[in-house]
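K.L.:
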Amino acid sequence: MALRSTGLRRSFGALAAVDGVDLAVAPGARHALIGPNGAGKSTLFKLVTGTMRADAGTVELGDRDVTGLSEVARCRLGMSQTMQHASLFGSMTATETVALAVQRHDGSRITPWPRRQRAVRERAEELLAGVGLAGRGSTPVPSLSHGERKQLEVAVALACKPSLLLLDEPAAGMSAAERARLVEVLAELPADITLLIVEHDLDLVFSVADAVTVLHLGRVLLSGTPDEVRASEDVREAYLGAKRREELFLG
Amino acid sequence: MTAVQTRIPVADAPAEPNRLRRGLPRIVAVAVVLVLAAAPLFLAPFATTTLTRIVVFALFAVSLDLLVGITGLPSLGHAAYFGAGAYAAGWVSINVTAEAPVPLLVGAATGAVAAALTGWITVRTGGVFFLMLTLAIGETVQQLANTWEDATGGANGLTGVPSVRLAGEPLVNAGYLYWYVLAIGVVGFALVWLVARSPWGAALRGIRDNEPRMRALGYPTAVYKYAVFVLAGSVAGVAGSLLVAQQRLVTPADLSFLTSSFALLAVVIGGAGSLWGACLGAAVVVLVRETLGASLDGHGPLVLGLVFVLVVYLLPRGAAGLRWPRRDKGRST
Amino acid sequence: MLVSVLNGFAIGFLLFILAVGLSLVFGMMDVLNLAHGALFLGGAYLGAALAGSWGGFLAALAVAAVAGLAAGALLSLMTEPLRNRSHLDQALLTLGVAFVAAEALIIVFGDDPLSVPAPPGLDGSVTVLGATYPTYRLVLIGVGAVLAIVVHVVVERTRIGALVRATVADREMVAALGVDNRLVKVVVFGVGSLLATTAGVLGGPIYGARPGLDATVLILALVVVVIGGLGSVRGALLGALIIGQVDTLGRLLLPELASFVLFAALALVLVLRPQGILGGAGARAR
Ligand SMILES: Nc1ncnc2c1ncn2[C@@H]1O[C@H](COP(=O)(O)OP(=O)(O)OP(=O)(O)O)[C@@H](O)[C@H]1O
Ligand SMILES: [Mg+2]
Numbered sequence: 007m008a009l010r011s012t013g014l015r016r017s018f019g020a021l022a023a024v025d026g027v028d029l030a031v032a033p034g035a036r037h038a039l040i041g042p043n044g045a046g047k048s049t050l051f052k053l054v055t056g057t058m059r060a061d062a063g064t065v066e067l068g069d070r071d072v073t074g075l076s077e078v079a080r081c082r083l084g085m086s087q088t089m090q091h092a093s094l095f096g097s098m099t100a101t102e103t104v105a106l107a108v109q110r111h112d113g114s115r116i117t118p119w120p121r122r123q124r125a126v127r128e129r130a131e132e133l134l135a136g137v138g139l140a141g142r143g144s145t146p147v148p149s150l151s152h153g154e155r156k157q158l159e160v161a162v163a164l165a166c167k168p169s170l171l172l173l174d175e176p177a178a179g180m181s182a183a184e185r186a187r188l189v190e191v192l193a194e195l196p197a198d199i200t201l202l203i204v205e206h207d208l209d210l211v212f213s214v215a216d217a218v219t220v221l222h223l224g225r226v227l228l229s230g231t232p233d234e235v236r237a238s239e240d241v242r243e244a245y246l247g248a249k250r251r252e253e254l255f256l257g
Numbered sequence: 011m012t013a014v015q016t017r018i019p020v021a022d023a024p025a026e027p028n029r030l031r032r033g034l035p036r037i038v039a040v041a042v043v044l045v046l047a048a049a050p051l052f053l054a055p056f057a058t059t060t061l062t063r064i065v066v067f068a069l070f071a072v073s074l075d076l077l078v079g080i081t082g083l084p085s086l087g088h089a090a091y092f093g094a095g096a097y098a099a100g101w102v103s104i105n106v107t108a109e110a111p112v113p114l115l116v117g118a119a120t121g122a123v124a125a126a127l128t129g130w131i132t133v134r135t136g137g138v139f140f141l142m143l144t145l146a147i148g149e150t151v152q153q154l155a156n157t158w159e160d161a162t163g164g165a166n167g168l169t170g171v172p173s174v175r176l177a178g179e180p181l182v183n184a185g186y187l188y189w190y191v192l193a194i195g196v197v198g199f200a201l202v203w204l205v206a207r208s209p210w211g212a213a214l215r216g217i218r219d220n221e222p223r224m225r226a227l228g229y230p231t232a233v234y235k236y237a238v239f240v241l242a243g244s245v246a247g248v249a250g251s252l253l254v255a256q257q258r259l260v261t262p263a264d265l266s267f268l269t270s271s272f273a274l275l276a277v278v279i280g281g282a283g284s285l286w287g288a289c290l291g292a293a294v295v296v297l298v299r300e301t302l303g304a305s306l307d308g309h310g311p312l313v314l315g316l317v318f319v320l321v322v323y324l325l326p327r328g329a330a331g332l333r334w335p336r337r338d339k340g341r342s343t
Numbered sequence: 003m004l005v006s007v008l009n010g011f012a013i014g015f016l017l018f019i020l021a022v023g024l025s026l027v028f029g030m031m032d033v034l035n036l037a038h039g040a041l042f043l044g045g046a047y048l049g050a051a052l053a054g055s056w057g058g059f060l061a062a063l064a065v066a067a068v069a070g071l072a073a074g075a076l077l078s079l080m081t082e083p084l085r086n087r088s089h090l091d092q093a094l095l096t097l098g099v100a101f102v103a104a105e106a107l108i109i110v111f112g113d114d115p116l117s118v119p120a121p122p123g124l125d126g127s128v129t130v131l132g133a134t135y136p137t138y139r140l141v142l143i144g145v146g147a148v149l150a151i152v153v154h155v156v157v158e159r160t161r162i163g164a165l166v167r168a169t170v171a172d173r174e175m176v177a178a179l180g181v182d183n184r185l186v187k188v189v190v191f192g193v194g195s196l197l198a199t200t201a202g203v204l205g206g207p208i209y210g211a212r213p214g215l216d217a218t219v220l221i222l223a224l225v226v227v228v229i230g231g232l233g234s235v236r237g238a239l240l241g242a243l244i245i246g247q248v249d250t251l252g253r254l255l256l257p258e259l260a261s262f263v264l265f266a267a268l269a270l271v272l273v274l275r276p277q278g279i280l281g282g283a284g285a286r287a288r
């Protein structure tokens, strides 16, 4: 398995946001994680990448137990993530942002004296062009639109040369065109990159995913092929249930 | 077709002003250094001494700007390393030798060691904890200077420090001393400037903007912060050794909270993160302190306090922020 | 030894009164108020000017309370526009205010250290378990304990206290709930400052009033707050009592290195429990 979690658990006070999650992602899979708002998807991501410490459970990357490793070490081993809420560098341009990730992962030395990093810059611009940000490289990040920032997030994540790429709602806030570009990017991903994606846009999910896990109230409700998930009564219930509750609140 | 071809040089044209714009700062920098170097030829000795003080303080402020402005580590106790370097350089000048590179190296090493000893705690924290800890460290070191009389001379300070010697000759003349200080100051500034422009410096700015994201990108941010903290302490120690070369005296006031605040003021006036801004700020602070010092009769902190309040409200990005429109919407801290 | 322990308690309770305001203001508003030490110094000078008789002492307390309340409210309004700026900007502002206030006090009262007499009747000493001990400090322990209980009850048992605690735990959440807590902020800032000036009057007979005292007590209060955990009343009490003991013991055993003992205690806590002894995860900055 490219990624395996066993019994992952994390609570915030009395709320068990992730409540004993076992997840197995096959190498090269296009694995989607779906579930209603507050299901614990983002929290699960953070536990997997080590951004947040788990209360219990283990995480394995490939055949290696990374539970005790820091976020930095896990990133070095090939985990790379985008954040649900784009969180970038306020004083940098798009190219500088991607270059920061590239220089860390392409084996170039991070010297404390200036050096011309032509390869780094070129790779950064290439990645930007790849996600649809060609020509936007010298734009300061705060001047990018919301959708563009999400694209930039993807470019940054790819710059880390991941073997396991975790995308948390990459399409949220993107325009239709940006969304289509994202689907293309995901389709063009090399086969040896394993993808784990959280997404609310089920059309997008079913167009890229070959495996789907449904999370509900911190637990795995169902794991299977897209068709199995589409057909499941439980899943409909979970989503519809959530809908109904929302209606209650709104009404 | 031909129209397109004749356009090719035109497309190249923007490179011209670009090269000019890139060259301009270099020309300005060289001109400034030349003017500074020539200054003692035209100035009275008293003014030369003031200029010496400005250079010393500017190097100190630049080392603080490396922490505050580049890395986003707001230190309230940076004078501890400045003072530690000054005491060590003074002590070695009195007891061992005042021959040129020795006090300098001792100051640098002491600043670095002091920063290495305290930094491993401070860089584990962030934001307001960092403020508190550096403040506490600064006060602790000052109390140490006050009580450890054998080495520091206690409240009276370390007196009777001999002049720095260069190749055996003591630098008594104000002009020679100034050149010595200026040379070291320029080298120190260049060092910090190069670090800030390097790939490593880019990582430091990344940490300033968004440390958690840097960790997610695989940067061990604590290591970076520790290293820059030690480097800043070391440069501050060099500035301290220049201070003692100029004053021939070190007192606990030199590593007090007030000194830290003056340096912070210089950084903030100049605009945190632009190293030349810190130098300008240092010049303003020293000049104001020297010219107003007498008329205020020891109430410098009153002015300092008022300036702090005004700068925070009126100049949120310092002098460096005056020229450019705001680009980002504040750093995440 | 007994004397040292008692001294530790006297200083500990004094520190609690001083630090709890700093802690709550930080916990609620994310503002590190570096003018807190200057408030204490203001109280101490008031005591020096007015104390000597019971009437004077009580008058000093009353004036200090009113002045502290007003100063706190003013500080709260001054920091409000900086809400979304960096910690450094807020620290610089309060630092500026601290400088101005401390210098103003020096201009008014001169820069010689002043001693503050304890109120008549409390300026003698009593025998406690065979050791003579200043009466005033014994009374201070009692007063401090009572004040600690009052603050604790207010924060833990009243509605406004609940709002304060909720804001400390999750600032955004309380704001998102639509509670307008600006008034609460002004009040907390005011009361925190009131406690600081009061501590200054109460501490006068121990520390006196002198330039530089503001920085000394500010550091002590910061150490207390960091050790106890930001925004926690119980943490502030625990931290204050620990620091009271550590500081007096350190001064007794290693007078040269007393300040290092303090710093070592701080470092130890930060390495072992970075969020402070009683600080929850939420109380940690970021
Ligand atoms: N840092 C935190 N502190 C307290 N509660 C949290 C924290 N992070 C998440 N939660 C809670 O945990 C639960 C799961 O949150 P999470 O963000 O993982 O959900 P999600 O599935 O990603 O939802 P969404 O689809 O809205 O992004 C939610 O109820 C949320 O309020
Ligand atoms: Mg989420």
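Protein chains in written order, with my numbering: chain A, 7 to 257; chain B, 11 to 343; chain C, 3 to 288.
Every residue gets a Cβ at the ideal spot worked out from N, C-alpha and C, and that includes glycine.
State yes or no: is the beta carbon of residue 83 of chain B nearer than 8 Å to at least one beta carbon in chain A?
P.N.:
no
K.L.:
Using 8 Å as the threshold, is the C-beta distance between residue 84 of chain B and residue 89 of chain C below it?
P.N.:
yes
K.L.:
May I ask you to check if the CB of residue 21 of chain A is nearer than 7 Å to at least one heavy atom of ligand 1?
P.N.:
yes
K.L.:
Please output, in chain order, the residues near ligand 2 using a CB cut-off of less than 7 Å to any non-hydrogen atom of the ligand.
P.N.:
Proximity annotation: ligand 2 has residues A:47, A:48, A:90, A:174, A:175 and A:204 in chain order, each selected because its CB is closer than 7 Å to a heavy atom of the ligand.
K.L.:
Would residue 195 of chain C count as contacting chain B if we go by Cβ distances under 8 Å?
P.N.:
no
K.L.:
Starting from residue 109 of chain B, trace the alpha helix (DSSP H) both ways and give me its first and last residue.
P.N.:
Run containing residue 109 of chain B: none; DSSP gives neither H nor E here.
K.L.:
Given this structure, state the Cα-to-Cα distance separating residue 243 of chain C from residue 101 of chain C, to the nearest angstrom.
P.N.:
29 Å
K.L.:
Here's the rule I'm using: 16 or more other beta-carbon atoms within 10 Å means buried, otherwise exposed. How should residue 111 of chain A be labelled?
P.N.:
buried
K.L.:
Closer than 8 Å by C-beta to residue 28 of chain C: which residues in its own chain qualify, once you throw out the five before and the five after it? Chain order, please.
P.N.:
34, 35, 227, 232 and 233
K.L.:
What are the complete alpha helix (DSSP H) segments, minimum 4 residues, inside the region 234-282 of chain B?
P.N.:
267-280
K.L.:
Check whether the Cβ of residue 18 of chain A lies closer than 7 Å to any heavy atom of ligand 1, and answer yes or no.
P.N.:
yes
K.L.:
Would you give the residue range spanned by the alpha helix (DSSP H) that residue 55 of chain B belongs to?
P.N.:
55-75
K.L.:
Considering only C-alpha positions, which residue in the set C:30, C:8 and C:140 is nearest to residue 175 of chain C?
P.N.:
Minimum Cα distance to residue 175 of chain C is reached at C:30.
K.L.:
If you compare alpha carbons, which of A:225, A:224, A:223 and A:215 is closest to residue 236 of chain A?
P.N.:
Among A:225, A:224, A:223 and A:215, the Cα nearest to that of residue 236 of chain A belongs to A:215.
K.L.:
Within the 8 Å Cβ cut-off, does residue 261 of chain B reach chain C?
P.N.:
Not closer than 8 Å to any Cβ of chain C, the Cβ of residue 261 of chain B fails to qualify, so no.
K.L.:
Quick check: does the Cβ of residue 44 of chain A come within less than 7 Å of any heavy atom belonging to ligand 1?
P.N.:
yes
K.L.:
Look up residue 86 of chain A in the DSSP assignment and give the residues it is bridged to.
P.N.:
A:171
K.L.:
What's the C-alpha gap between residue 11 of chain A and residue 158 of chain A?
P.N.:
28 Å
K.L.:
Using a Cβ-Cβ cut-off of 7 Å (strictly less than) and excluding sequence neighbours within five positions of residue 176 of chain B, which residues of its own chain qualify?
P.N.:
Only 110 and 190 meet the Cβ criterion.
K.L.:
Looking at the unbroken alpha helix (DSSP H) that takes in residue 218 of chain B, where does it start and where does it end?
P.N.:
Start and end: 209-219.
K.L.:
Whose Cβ in chain C lies nearer than 7 Å to the Cβ of residue 141 of chain B?
P.N.:
34, 89 and 93
K.L.:
In this structure, does DSSP put residue 18 of chain A in helix, strand or coil?
P.N.:
DSSP places residue 18 of chain A in strand when its eight states are reduced to three.
K.L.:
Among residues of its own chain, excluding the 5 on either side of residue 126 of chain A, which ones have a beta-carbon nearer than 8 Å to its beta-carbon?
P.N.:
105, 108, 109, 112 and 114
K.L.:
Over the uninterrupted beta strand (DSSP E) stretch that includes residue 225 of chain A, give me the two end residues.
P.N.:
225-230
K.L.:
Taking C-beta pairs closer than 8 Å, name the residues in chain A that residue 216 of chain B reaches, listed in chain order.
P.N.:
95, 98 and 106
K.L.:
Is residue 258 of chain A buried or exposed, if buried means 16 or more other CB atoms sit within 10 Å of its CB?
P.N.:
Because residue 258 of chain A is not part of the residues shown, which for chain A are 7 to 257, the question remains open.
K.L.:
By the DSSP assignment, the alpha helix (DSSP H) with residue 132 of chain A in it spans what residues?
P.N.:
Unbroken alpha helix (DSSP H) run through residue 132 of chain A: 124-136.
K.L.:
Nearest-angstrom Cα distance between residue 29 of chain A and residue 9 of chain A?
P.N.:
8 Å
K.L.:
Give me, in chain order, the residues of the same chain whose beta-carbon lies closer than 8 Å to that of residue 333 of chain B; leave out the 5 immediate sequence neighbours on both sides.
P.N.:
Its pLDDT being 45, under 50, residue 333 of chain B is placed unreliably in this model, and the value from its coordinates should be taken loosely. Closer than 8 Å at Cβ, skipping near neighbours: no residue.
K.L.:
Compute the minimum distance between the beta carbon of residue 41 of chain A and the heavy atoms of ligand 1, and state whether it is under 7 Å.
P.N.:
yes
K.L.:
Taking the alpha-carbon positions, what's the residue 223 of chain A to residue 179 of chain C distance?
P.N.:
23 Å
K.L.:
Could you work out which residue in B:131, B:61, B:114 and B:164 is closest to residue 233 of chain B when comparing CA atoms only?
P.N.:
Nearest C-alpha to residue 233 of chain B: B:131.
K.L.:
Is it true that the CB of residue 14 of chain C sits closer than 8 Å to the CB of residue 198 of chain C?
P.N.:
no
K.L.:
Determine the DSSP secondary structure at residue 172 of chain C, reduced to helix, strand or coil.
P.N.:
coil
K.L.:
Determine whether the Cβ of residue 173 of chain B lies closer than 8 Å to any Cβ atom of chain A.
P.N.:
no
K.L.:
Run through DSSP, which three-state label would residue 203 of chain A get?
P.N.:
strand
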